[in-house]
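Trainee:
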Amino acid sequence: MKKNFREFLKEQSTVIFDGAMGTELLNRGFSLDFPLEWANVTRPELVKQIHTDYILAGASSIETNTFGANECKLKVFGFENEVERINRSAVRIAKETADDKVYVIGSVGPLGKPVGSGFEIDDRRAKEVYKRQLYFLLDEGVDAIIFETAASTHEVQIAIEALKDLNDEIPYIIQFSFTKDLSTIYGEDIYRVIEFLKSTDADVVGLNCGNGPQKTLEALKIFSQNLKGPFSVQPNAGYPQLVQGRLVYSTSAKYFASFVPEYIKLGAKVVGGGCGTTPEHIKAIKEKVKEFLPSIEVEVVERKEEQKAVLKDTPSELSQKLGKKFIFTVEISPPKGIELEKTKEGVKLLKEAGADTVNIADSPMARVRISPIALAHILKEELGMESILHFTCRDRNLISLQSELLGAAALGVKNVLALTGDPPSIGDHPQAKPVFDVNSEGLVLILSRLNNGTDYMGNPIGKATNFTIGVALNLNADDLGKEIEKLKHKIENGAHFIETQPIYEPETLERFFEKVDFKLPPILGGILPLRSSRHAEFLHNEVPGITIPDKIRERMRSSKEPAKEGVEIACEIVEKIKHMVSGIYIMPPFEKYEMAAEIIKMFK
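Each residue of the sequence shown is one higher than the one before, counting from 104 in my numbering.
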C-alpha cells in the first residue's frame with residue numbers, strides 16, 4: 104500500500120507529474136463540441152489510455168480529468184447537471200489506472216468568470232460550486248487536490264475554504280498561471296500572488312500553463328526569491344499556433360526537459376507539463392531528472408522590498424459638504440450631439456439658484472448621449488460647476504470600467520453615482536450587446552479600491568483616486584427588505600452617500616428607516632416635480648419604482664396651472680423630509696430646469 108501523499112512528498116527529491124490531458128484528448132480525436140471532461144463518461148478507455156501512457160513515461164502522480172468539471176464551466180455546454188457523474192467517473196478511471204502504485208491528484212480549475220461581490224458569481228455561490236465538485240473528488244478517494252491555472256487570489260481563497268470545510272487534512276497544491284508580463288489574466292502581479300501564497304498552508308505552491316519553459320523559469324526565480332517552497336512547475340509546451348483551426352504546440356520534449364535542472368535548483372519538487380505536453384515530454388523529464396539530480400544543489404535568494412506610502416488625490420467639493428451642509432443637486436440630461444449651449448444655459452440657471460452640483464446621466468434609458476465624463480469636465484472647467492457622474496456597468500467590461508474611471512479622476516471628475524444601468528434592449532440600439540461584468544455593488548468596490556491606490560485585482564495604480572461614491576435607493580421596491588440588503592452591501596463596499604428614487608410620500612422614507620439596522624451615510628432625497636396630470640399618471644402607472652398618491656394626482660388633474668402646482672407639491676415634500684435627509688436630488692422633467700431652480704430658491 105502506498106504512503107500518504109504528504110509523506111511521499113517529504114521523502115522524494117523530485118516528484119514527476121503527468122502532462123496535458125485536454126490537448127491529448129483533442130490530439131486523439133475527442134470532439135470540441137463537448138466539454139473535455141465529458142470524455143470520462145463517453146470515452147473512458149481513451150482517458151485511461153492517456154493516464155497509462157503518462158505512467159509508462161515516468162509519472163508518479165496523475166491528475167484527474169476534472170479541470171473544468173465545475174457547474175459554471177459545464178453550464179456553457181448544458182452539462183451543469185452532470186457534475187457528479189463526470190467527477191466520480193474521472194477519479195474511478197484514474198484510480199483504476201494507478202492501481203494503488205501511482206498517486207491520483209484531483210484537478211480543480213477556476214470557474215471561468217470573475218468572482219466577488221457585484222459579479223454574476225458572488226463569494227457564496229463560488230464556494231457552493233467549488234464545494235460540490237470537491238465533494239465528489241474527495242468522496243471517490245483522491246490522494247490530494249491541486250488548484251491549478253489560478254488567476255485570482257480571491258477565488259483561490261474561496262476554493263481553499265470550500266476544501267477545508269470538507270476535509271482539512273488532505274494535502275493540496277496551488278498553481279498560478281501568469282501571462283508574459285508575469286501577471287494573471289485578472290491583472291494580479293506576481294508579487295501580490297506571492298504575498299497571498301505566504302498566507303496559505305498549501306503543501307506545494309507553483310506555476311502552470313500560461314507560458315512556456317523559459318518564461319516559467321523567470322517566474323520561478325521570483326518565487327524562489329520570495330517563498331520557501333517546495334514548488335511545482337508545469338509549463339506549457341511553448342506558445343500555441345493556430346493551424347487549420349486547431350492549437351498546435353511546437354516545443355520539443357528535449358528542449359522542454361532541458362529546463363528541469365534549473366527548476367529543481369530553484370526549489371521545484373513537483374515537475375510536470377501543461378498544455379501541449381505529451382507522454383514524450385514526461386519521459387524526457389524523467390530521463391533528465393535521473394541524469395542530473397545528484398549534482399543539483401538547491402539555492403534560495405532572499406529579496407527585500409521597500410514599502411512606499413500611497414499618495415492620494417485631492418477630495419471633491421461635494422465630499423466637504425456632505426453631512427455638514429444641506430445639499431441641492433439637479434439631474435441634467437446630456438445632449439445627443441455635441442451642441443452644449445442649451446445644457447450650459449440650464450446649468451448656469453441652476454448655479455445662480457444655489458445648486459451645489461448637477462447629476463449627469465450616463466446614456467439614460469440606454470439611449471446614445473454624449474459622454475458624461477466629457478460633459479462633467481467641460482461644466483467644471485467652463486462654469487465652475489461640480490458634477491455627480493452617473494456611471495453604469497452596462498457598456499464597459501472590467502478593464503474599461505477602471506480605465507474610464509481613472510480618466511475621469513485625471514480630468515477632475517470625482518463624484519460618481521454607481522449604477523448597474525438600463526439594458527440596451529429598451530434603448531435606441533436594441534441590437535447592442537450588454538456587458539455587465541459587475542453590477543452596482545461591484546462597481547462600488549472597484550471605486551473603493553481605486554481610492555485605496557489599487558485596481559480591482561489589487562495591483563498598485565500609483566497615486567490613489569479620491570472618488571466620492573454615491574449609490575441609488577428605491578424606496579418603493581417590491582421587496583424593500585431585499586433592496587435594503589443590497590444597500591447594506593454597497594455601504595460595506597465603500598459607498599459615501601445615497602440618492603433615492605422620487606419621493607411623493609414621506610411615509611416611504613419613514614418606513615425605510617424603521618427597517619434599517621445599520622449606519623447610513625448621508626441621504627439625498629429624490630424629488631421629481633410633476634409637470635402635468637398626464638405626466639403624473641404616466642409616472643404612477645408605467646415607471647417602475649414610482650408611486651404617486653391619489654391625492655397628489657387629483658391635485659394635478661384639478662389644477663389650472665399644473666406646472667406651478669407640481670413645484671408647490673415638490674416644495675411641500677421637501678419641507679416634510681428635510682429633517683430626515685442631508686440634501687435633495689431634483690430630477691426636473693423634460694429639461695425644465697427652471698422648475699428645479701424655483702424649488703432650490705424656496706429653501707436657500
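Quick reminder that beta carbons are idealized off the backbone N, C-alpha and C, glycines included.
Specify the secondary structure class of Ser164 as computed by DSSP and reduced to three states.
Mentor: Residue state, collapsed to three classes: strand.
Trainee: Measuring straight from C-alpha to C-alpha, what distance separates Ile435 and Leu520?
Mentor: Going from the Cα of Ile435 to the Cα of Leu520 covers about 14 angstroms.
Trainee: Who are the Cβ neighbours of Ala356 in its own chain at under 6 angstroms, not counting the five residues just before and after it?
Mentor: So the qualifying residues of the chain are Glu383, His384 and Ala387.
Trainee: Among Lys681, Ile587, Cys496 and Gln534, which residue has its Cα nearest to the Cα of Ile549?
Mentor: Looking at the Cα atoms, Cys496 is the closest of the given residues.
Trainee: Name the residue from Asp292, Lys113 and Asn555 whose alpha carbon lies nearest to the alpha carbon of Pro274.
Mentor: Residue Lys113 is the option with its Cα nearest to Pro274.
Trainee: In whole angstroms, give me the CA-to-CA distance for Thr446 and Gly487.
Mentor: Those two C-alpha atoms are separated by around 14 angstroms.
Trainee: Mapping the DSSP letters down to three states, classify Ala521 as helix, strand or coil.
Mentor: Ala521: strand per DSSP, three-state reduction.
Trainee: Measuring only the C-alpha atoms, how far is Ile153 from Phe395?
Mentor: Roughly 27 angstroms between the two C-alpha positions.
Trainee: By the three-class DSSP mapping on this structure, what secondary structure does Val150 have?
Mentor: Val150 falls in the helix class under three-state DSSP.
Trainee: Taking just the CA atoms, how far does Leu369 sit from Gln328?
Mentor: So the two alpha carbons sit approximately 9 angstroms from each other.
Trainee: What residue ranges within the stretch 487 to 566 form continuous alpha helix (DSSP H) runs of no fewer than 4 residues, ordered along the chain?
Mentor: For the stretch 487 to 566, whole alpha helix (DSSP H) runs of length 4 or above, ordered along the chain, are 501 to 513 and 543 to 554.
Trainee: On the criterion of 16 or more Cβ atoms from any shown chain inside 10 Å, does Thr256 qualify as buried, or is it exposed?
Mentor: Burial call: buried.
Trainee: Between Gly426, Ala700, Gly449 and His638, which has its C-alpha nearest His682's C-alpha?
Mentor: Looking at the Cα atoms, Gly426 is the closest of the given residues.
Trainee: In its own chain, which residues sit with a C-beta less than 6 angstroms from the C-beta of Ile208, not counting the 5 before and 5 after it?
Mentor: Closer than 6 angstroms at the Cβ level, and outside the excluded window around Ile208, lie Ser164, Glu166, Ala247 and Ile249.
Trainee: Entirely within the stretch 457 to 490 and at least 3 residues each: give me those beta strand (DSSP E) ranges in chain order.
Mentor: Complete beta strand (DSSP E) runs here, min 3: 460 to 463.
Trainee: Identify whether Glu140 lies in helix, strand or coil by the three-state DSSP scheme.
Mentor: Note: Glu140 maps to helix in three-state DSSP.
Trainee: Going by C-alpha distance, which of Phe570, Glu586, Asp271 and Val144 is nearest Phe600?
Mentor: Nearest of Phe570, Glu586, Asp271 and Val144 to Phe600, Cα basis: Phe570.
Trainee: I'd like the list of long-range same chain contacts for Val232, defined as Cβ closer than 8 angstroms, with 5 residues on each side in sequence excluded.
Mentor: Contacts found: Asn173, Glu174, Cys175, Leu214 and Ile224.
Trainee: Straight-line CA distance for Glu613 to Ser661?
Mentor: Those two C-alpha atoms are separated by around 29 angstroms.
Trainee: Reducing DSSP to helix, strand and coil, say where Ile587 ends up.
Mentor: Helix at Ile587.
Trainee: Starting from Gly669, follow the alpha helix (DSSP H) in both directions and report where the run begins and ends.
Mentor: Taken as a continuous stretch (DSSP letters only), the alpha helix (DSSP H) holding Gly669 covers Pro665 to Ile680.
Trainee: Check for me: the beta strand (DSSP E) holding Asn311 runs from which residue to which?
Mentor: That run of the beta strand (DSSP E) goes Val307 to Asn311.
Trainee: Could you tell me which residues DSSP pairs with Gly573 in its beta bridges?
Mentor: According to DSSP, Gly573 bridges with Leu520 and Phe600.
Trainee: Using a Cβ-Cβ cutoff of less than 6 angstroms, which residues in the same chain neighbour Arg656 once the five nearest sequence positions on both sides are dropped?
Mentor: Excluding sequence neighbours, Arg656 sits near Ala639.
Trainee: Enumerate in chain order the residues of its own chain whose CB-to-CB distance from Gly734 is below 6 angstroms, with the five nearest sequence positions on each side excluded.
Mentor: Outside the shown range of the chain (104 to 707) lies residue 734, about which nothing can therefore be said.
Trainee: When the distance is taken between beta carbons, is Ile689 closer than 8 angstroms to Phe429?
Mentor: Not a contact, by the Cβ cut-off of 8 angstroms.
Trainee: Measure the C-alpha to C-alpha separation of Asp284 and Thr126 and round it to an integer number of angstroms.
Mentor: Approximately 24 angstroms, taken between the alpha carbons.
Trainee: Going by the DSSP bridge assignment, what does Phe279 pair with across the sheet?
Mentor: DSSP lists Ala253 and Leu310 as partners of Phe279.
Trainee: Starting from Ile189, follow the alpha helix (DSSP H) in both directions and report where the run begins and ends.
Mentor: Segment Val186 to Ala201, the alpha helix (DSSP H) holding Ile189.
Trainee: Sort Leu478, Asp465, Ile703 and Ala458 by Cα distance to Ile441 and report the nearest one.
Mentor: The shortest C-alpha separation from Ile441 is found at Leu478.
Trainee: Nearest to Asp540 by alpha carbon, out of Leu501, Phe120, Gly556 and Asn555?
Mentor: Considering only alpha carbons, the answer is Leu501.
Trainee: Among the residues of its own chain, which have a CB less than 7 angstroms from the CB of His493, if the five just before and after it don't count?
Mentor: Correct list, in chain order: Asn462, Ile463, Ala464, Asp465, Pro475, Leu520 and Leu522.
Trainee: In whole angstroms, what separates the C-alpha of Leu509 from that of Leu414?
Mentor: Cα to Cα, the separation comes out at about 15 angstroms.
Trainee: Thinking C-alpha only, which one of Lys451, Asp459 and Gly449 is nearest Lys424?
Mentor: Nearest of Lys451, Asp459 and Gly449 to Lys424, Cα basis: Asp459.
Trainee: Measuring straight from C-alpha to C-alpha, what distance separates Val401 and Asp306?
Mentor: Model confidence at Val401 stands at a pLDDT of 41, short of 50, so the residue's coordinates are unreliable and nothing is read from them.
Trainee: Give the DSSP bridge partners of Ile52, in chain order.
Mentor: Because the chain is modelled from 104 through 707, residue 52 falls outside the range shown and cannot be assessed.
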